[in-house]
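The first sequence begins at 37 in the numbering used here and counts up by one. All C-beta atoms, glycine included, are put in the ideal place defined by N, C-alpha and C. All figures in this text were calculated on a predicted structure; none of them were measured in a lab. Here the structure comes first, spelled out in structure tokens, and everything after it is commentary.
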Amino acid sequence: MPELPEVESYRALAERALRRPIVQVDAPDAWFLKDGLDAPTVEAALTGRYFVAARRTGKLLLLHTAGGGPVLGLRFGMTGRLVVDGRAGVDRLLYSSDRDVAAWDRFAVSFADGGRLLVRDPRRLGGVLLDPDQSGLGPDALTVTPAGLRSALAGSTAPLKARLMDQSRLAGVGNLLADETLWRAGLDPRRPAGSLSPAELRRLHRHLRATVTQLVARGGSHTGDLRPARTAGGACPKDGAPLTRGTVGGRTTWWCPTHQR
DNA sequence: ATTGTGGCCTGCCCGC
DNA sequence: TGCGGGCAGGCCACAA
């Protein structure tokens, strides 16, 4: 599902949509427009303008318009895809459908040259925002510093995994990325977030940055080394122990009871 | 304030 | 072969 790695792929794809005059905006699904946004407003905000930059914070894609104009924010939930000129941002999306169904096109921007940028989301869990408020987002997981990670976790009794996925503390980590990172770092997802020693914090930071970087390069949060074993009867790829399945932070969680402490 | 829970969305897969 | 139930998780509202 779209976590940081997928959205980073979408961001790179969205570079193709820059400096192309916008002639039409289609927002057929009112549910998909968030924070009180409506179709006439977003149409008026974008038509006649063009994008100049494609940025990303966590799982939020930001398309800036020229001259300091409005910023289009796109969220993808767990089943949303970005499509530009018929080209999809990722080949395959876990838990979503790979089919092309026009009814799943929830939002589209058409350019003067005939091309289009659109969000295709079967489950409608994503959304469109205008000038999104980013004050509620923590530092991006791809670039977070050791101190940033420490302050995201410090003093908390919540499960470590829940804090890693708390977008207001750290932006970009979803369920699969959290399991993969904690598995690599050898940390029990149920540990109180504030209980990590300085050495464990450094280890987690190193593995977080490395994991995110690697999964971005591989093309998705589903390309982790733990992922194939995240299933009934799965064994730890490191030591062969049967993986444990449970609910942590309200999400299905798989971990190795042997080496994750 | 922090933490936990349940609901929303709907395609897909499994078992009958 | 059709059908119903459960499942997936990002995000948000709400409760304790």
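Report yes if the C-beta of residue i is less than 7 angstroms from at least one heavy atom of the ligand SAH; otherwise report no.
| i | result |
| --- | --- |
| residue 85 | In terms of ligand content, the structure shown is empty, and the ligand SAH therefore cannot be addressed. |
Exposed or buried, which one is residue i when buried takes at least 16 other CB atoms within 10 Å?
| i | result |
| --- | --- |
| residue 67 | exposed |
| residue 170 | exposed |
| residue 93 | buried |
| residue 164 | buried |
| residue 215 | buried |
| residue 267 | exposed |
| residue 264 | exposed |
| residue 133 | exposed |
| residue 115 | buried |
| residue 63 | buried |
State the Cα-Cα distance for the pair residue i and residue j, rounded to the nearest angstrom.
| i | j | result |
| --- | --- | --- |
| residue 213 | residue 167 | 27 angstroms |
| residue 189 | residue 227 | 11 angstroms |
| residue 199 | residue 290 | 16 angstroms |
| residue 298 | residue 232 | Outside the modelled stretch of the chain, which goes from 37 to 297, sits residue 298, for which no answer is possible. |
| residue 86 | residue 207 | 27 angstroms |
| residue 143 | residue 235 | 46 angstroms |
| residue 112 | residue 210 | 12 angstroms |
| residue 137 | residue 239 | 44 angstroms |
| residue 184 | residue 57 | 39 angstroms |
| residue 278 | residue 295 | 11 angstroms |
| residue 259 | residue 39 | 12 angstroms |
Relative to the C-alpha of residue i, which candidate in the options has its C-alpha closest?
| i | options | result |
| --- | --- | --- |
| residue 217 | 199, 205, 247, 288 | 247 |
| residue 88 | 96, 121, 75, 54 | 54 |
| residue 73 | 60, 110, 86 | 110 |
| residue 245 | 45, 175, 193 | 175 |
| residue 203 | 180, 260, 63 | 180 |
| residue 150 | 79, 61, 260, 283 | 61 |
| residue 98 | 47, 52, 76 | 47 |
| residue 195 | 184, 173, 178, 223 | 223 |
| residue 273 | 187, 52, 262 | 262 |
| residue 276 | 91, 284, 293, 287 | 293 |
With residue i and residue j assumed to form a contact (beta carbons below 8 angstroms), what rounded beta-carbon distance in angstroms separates them?
| i | j | result |
| --- | --- | --- |
| residue 44 | residue 257 | No, residue 44 and residue 257 are not in contact; Cβ-Cβ is about 10 angstroms, not under 8 angstroms. |
| residue 156 | residue 145 | Rounded, the Cβ-Cβ distance is 13 angstroms, inconsistent with contact. |
Practice prompt. Output the residue ranges of the beta strand (DSSP E) runs that lie fully inside the segment 164-227 and measure 3 residues or longer, sorted by chain position.
Written response: none
Worksheet entry | 3 or more residues per run - each beta strand (DSSP E) lying fully within the segment 254-295 | 280-284, 287-291
Worksheet entry | Whole runs of the beta strand (DSSP E) within the segment 73-152, excluding any shorter than 3 residues | 87-93, 96-101, 107-111, 117-120, 141-147
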